[in-house]
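In numbering that gives the first Met the number 0, the protein residues as written are 0 to 668.
Idealized CB from N, CA, C, for every residue including glycine.
Notes follow the structure.
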Amino acid sequence: MSDLDNVCPSPTTRFDQFKFGRLPIGKVAPVIEHGAYPAKAVEGEQFPISARIYREGHDKVGATVVLTAPDGQQSHVDMVQIWPEGLDIWQAWVRLDTTGDWTFRIEAWADDWHTWHHNADIKLAAGMDLELVCAEGHDLFVDALSRARSAGADAEAVVIEAADAGLKPSRPFAELHRVAMATDLDAAMTRFGRRRLTTPTVDYPIQVDRKRALYASWYEFFPRSQGATRDPQTGQWRSGTFNDCYPMLEHIAEMGFDVAYVPPIHPVGRQFRKGPNNSLVAGPDDPGSPWAVGGPEGGHDAIHPDLGTIEDFDAFVAKAHSLGLEVALDFALQASPDHPWVTEHPEWFTTRLDGTIAYAENPPKKYQDIYPINFDNDPDGMYHEALRLIEYWVDHGVTIFRVDNPHTKPLEFWDWLTTQVHQTHPEVIFLAEAFSRPEVMQTLGKAGFHMSYTYFTWRFTKQDLGAYLMELATETADFMRPNFFVNTPDINPLSVRSGAPAAFAIRMILASMMSPLWGIYQGFEQFEFEPLKPGGEEYLNSEKYEYRPRDFNAKPNLNELMRRLNEIRREHPALQQLRRTTVLKTTSDEIFAFAKNDGDDTVIVVCSLNPHETVSGEVTVDLKDLGIAAETFDVHDELTGADFVWGTRNFVLLDPARPAHILTVRAHH
0 MSDLDNVCPS PTTRFDQFKF GRLPIGKVAP VIEHGAYPAK AVEGEQFPIS
50 ARIYREGHDK VGATVVLTAP DGQQSHVDMV QIWPEGLDIW QAWVRLDTTG
100 DWTFRIEAWA DDWHTWHHNA DIKLAAGMDL ELVCAEGHDL FVDALSRARS
150 AGADAEAVVI EAADAGLKPS RPFAELHRVA MATDLDAAMT RFGRRRLTTP
200 TVDYPIQVDR KRALYASWYE FFPRSQGATR DPQTGQWRSG TFNDCYPMLE
250 HIAEMGFDVA YVPPIHPVGR QFRKGPNNSL VAGPDDPGSP WAVGGPEGGH
300 DAIHPDLGTI EDFDAFVAKA HSLGLEVALD FALQASPDHP WVTEHPEWFT
350 TRLDGTIAYA ENPPKKYQDI YPINFDNDPD GMYHEALRLI EYWVDHGVTI
400 FRVDNPHTKP LEFWDWLTTQ VHQTHPEVIF LAEAFSRPEV MQTLGKAGFH
450 MSYTYFTWRF TKQDLGAYLM ELATETADFM RPNFFVNTPD INPLSVRSGA
500 PAAFAIRMIL ASMMSPLWGI YQGFEQFEFE PLKPGGEEYL NSEKYEYRPR
550 DFNAKPNLNE LMRRLNEIRR EHPALQQLRR TTVLKTTSDE IFAFAKNDGD
600 DTVIVVCSLN PHETVSGEVT VDLKDLGIAA ETFDVHDELT GADFVWGTRN
650 FVLLDPARPA HILTVRAHH
């Protein structure tokens with residue numbers, strides 16, 4: 000072997016991911032932390048794969064994405080160069096149709112056909128080098144013709160053979176130019192033309208999950224409040240049970256939701272139990288915070304006796320499944336002072352210098368009813384206990400876990416746990432309840448969480464909503480799927496503090512249309528908004544600390560709007576994805592508009608941001624960006640049933656009674 004062999008590997012050598020090959024390929028996406036973690040997609044989702052690809056000189060290059068399915072089968076999707084061409088950006092939109100662990104690589108190659116095509120366009124038009132140009136074309140045609148015939152592509156073979164016969168230097172150069180530039184010839188040669196100097200990247204991972212990881216409507220409620228009653232004589236409460244929840248499950252299904260999410264259902268600690276409105280003193284009948292997990296009756300694998308038995312829970316899950324619902328269970332890795340872990344595994348907690356176990360605190364706030372877990376004293380024991388708990392609840396029909404405060408636990412732990420669960424139960428989905436710094440939230444997504452809570456609750460203005468939507472649809476879509484909850488038991492949003500019904504409707508419309516994942520905590524649709532303190536974000540008489548039975552059909556409510564929004568989402572694939580989203584220009588800062596499309600389905604959403612007054616303005620649509628070739632097109636309002644003709648600039652008038660248009664694009668004129 001010569002020294003030259005050492006520095007010039009063969010064209011098919013797989014290059015190290017940190018080195019360029021014969022044809023440079025850089026800035027490959029989606030690649031998460033240099034390929035340490037898989038990019039995310041769901042079955043049937045369309046997503047882009049891109050890279051910067053170029054070569055020396057002026058010869059043309061081409062590129063292909065090679066996809067390897069979990070069963071080892073490979074498929075190829077050619078990439079195209081996108082605007083601006085001078086930046087050498089190549090892209091392919093792909094759909095992966097089965098769940099599992101996929102890989103992709105990009106192969107760049109010398110595009111002899113388009114190199115010749117470019118030169119022939121110039122030379123044949125000018126009558127230059129006719130013999131050489133025709134000879135070079137013949138060489139390419141013979142090679143491509145063989146490939147087309149081997150592939151059984153008879154139509155392309157006929158086109159190529161005819162071009163070869165017509166490309167003779169004795170013919171007028173204008174005729175030669177017409178033959179060489181034919182559209183059908185370009186299509187045939189693009190498919191079967193010679194590809195030399197093939198340069199592949201390394202293989203990068205893609206985890207394809209089931210669709211529920213990207214598209215779902217969530218409804219949160221407290222089982223203990225369903226059917227809870229209070230004795231008018233003694234004032235004592237009787238907790239609701241799992242059996243009392245059946246009407247609620249039927250209501251959730253009727254409203255078009257996919258996921259019924261319940262806070263922790265385990266025994267609640269007695270020591271330092273919090274009373275109403277998070278008071279430090281609880282009465283004998285106060286239920287306490289369900290997030291203070293654990294009591295004499297058991298810990299994370301036990302059912303609160305007031306709710307029923309494990310058999311009752313199994314029946315509750317079966318009822319949900321019979322209605323087409325999945326059950327999401329809260330997974331809160333923390334313990335009350337009464338949790339069995341405290342005595343059985345004191346090493347799983349932090350012991351302070353005074354000998355006491357450290358409770359949760361965010362000075363000056365103290366949460367004496369909750370002990371955080373220390374993951375460093377006995378990582379092997381704590382890690383495997385967490386895995387045991389997940390597997391226990393999976394065995395009881397739970398397929399989704401809403402994880403409480405994952406940003407307060409080591410990232411390494413979540414990486415390990417989600418990897419273990421993915422290997423044995425790939426159907427299981429984890430939602431990160433992490434209202435934290437962007438880098439922390441994003442890294443949790445990279446390390447294994449399927450979806451995350453977001454900053455949607457604190458985005459009010461047109462500018463903030465638009466910037467955040469595009470950030471989620473482009474910058475973080477490969478690893479952090481957003482779940483837009485309009486409220487939570489912890490967050491009484493400032494956007495509805497006026498109590499105006501339109502404020503609640505607007506936030507529901509925005510959440511359900513902007514994100515394929517959205518959620519609501521019970522009470523929002525009935526206009527609950529009273530804060531514990533003026534300007535604060537906690538609910539007065541929070542259900543976290545007391546029973547809150549509600550009549551879910553009590554009026555006024557937004558039940559019909561809620562049902563219709565979920566129905567529209569189910570009818571339109573464009574609303575079940577995030578990546579193909581465009582924010583539209585409006586002339587009013589009180590009107591927010593955006594468009595989504597998937598295949599032939601395009602939806603335009605125009606929403607008022609003023610719940611008190613009528614607003615008007617123009618919405619500008621980039622017709623080319625939406626794939627609309629005509630100057631005007633028909634739209635159908637899914638909320639009102641009205642039909643309109645739209646074009647580039649469109650006047651809209653919205654008021655609190657009808658604060659939005661959800662427009663399906665129909666015929667083009």
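Give the DSSP-derived three-state secondary structure of residue i in the structure shown.
i	result
phenylalanine 191	helix
leucine 574	helix
glutamine 45	strand
lysine 669	Missing from the structure shown is residue 669; the chain here goes from 0 to 668 and no further.
threonine 97	coil
glutamate 249	helix
phenylalanine 400	strand
histidine 383	helix
proline 222	helix
tyrosine 452	coil
proline 199	strand
lysine 26	strand
proline 515	coil
phenylalanine 19	coil
tryptophan 340	helix
leucine 306	coil
proline 481	strand
valine 604	strand
Considering Cα atoms alone, identify which of the options is closest to residue i.
i	options	result
alanine 666	Thr639, Ala628, Ala659, His660	Ala628
tyrosine 218	Asp257, His449, Thr442	Asp257
asparagine 118	Arg211, Ala162, Arg104, Lys59	Lys59
glutamate 42	Glu55, Arg54, Thr97	Thr97
glutamate 106	Ala186, Val201, Ala143	Val201
isoleucine 264	Thr228, Gly234, Ala327	Ala327
valine 341	Pro555, Phe526, Gln270, Phe551	Gln270
arginine 170	His75, Leu129, Lys445, Tyr260	Leu129
phenylalanine 483	Arg436, Leu430, Gln462, Pro500	Leu430
arginine 579	Asp70, Val93, Ala68, Ala38	Val93
CA-CA distance, residue i and residue j?
i	j	result
glutamate 612	methionine 188	60 Å
histidine 303	phenylalanine 312	10 Å
methionine 479	glutamate 411	17 Å
aspartate 353	lysine 408	24 Å
lysine 26	threonine 442	20 Å
histidine 250	phenylalanine 241	15 Å
glycine 736	leucine 625	Residue 736 is absent from the structure shown; the chain starts at 0 and stops at 668.
phenylalanine 455	valine 602	21 Å
alanine 179	alanine 186	12 Å
asparagine 649	glycine 61	41 Å
valine 30	cysteine 244	44 Å
serine 224	aspartate 489	17 Å
valine 402	isoleucine 389	11 Å
Any idea if residue i is buried or exposed, counting beta-carbon neighbours within 10 angstroms, 16 or more meaning buried?
i	result
phenylalanine 19	exposed
histidine 116	buried
isoleucine 677	For residue 677 there is no data in the structure shown, the boundaries of the chain being 0 and 668.
asparagine 361	exposed
histidine 668	exposed
tryptophan 101	buried
serine 145	exposed
tyrosine 203	buried
isoleucine 661	buried
glycine 534	exposed
valine 420	buried
lysine 273	buried
threonine 423	exposed
alanine 656	exposed
For the putative contact between residue i and residue j, defined by C-beta atoms under 8 Å, what is the C-beta separation to the nearest angstrom?
i	j	result
leucine 493	glutamate 536	7 Å
valine 64	phenylalanine 103	6 Å
arginine 549	glycine 522	7 Å
alanine 162	leucine 131	That pair is no contact at about 17 Å.
glutamate 325	alanine 319	7 Å
tryptophan 112	glycine 192	3 Å
lysine 365	tyrosine 358	7 Å
leucine 468	phenylalanine 593	6 Å
leucine 95	valine 207	5 Å
Going by the C-beta, is residue i closer than 7 Å to any heavy atom of the ligand GDP?
i	result
histidine 57	Of the ligands one can find in the structure shown there are none, so the ligand GDP has no counterpart to examine.
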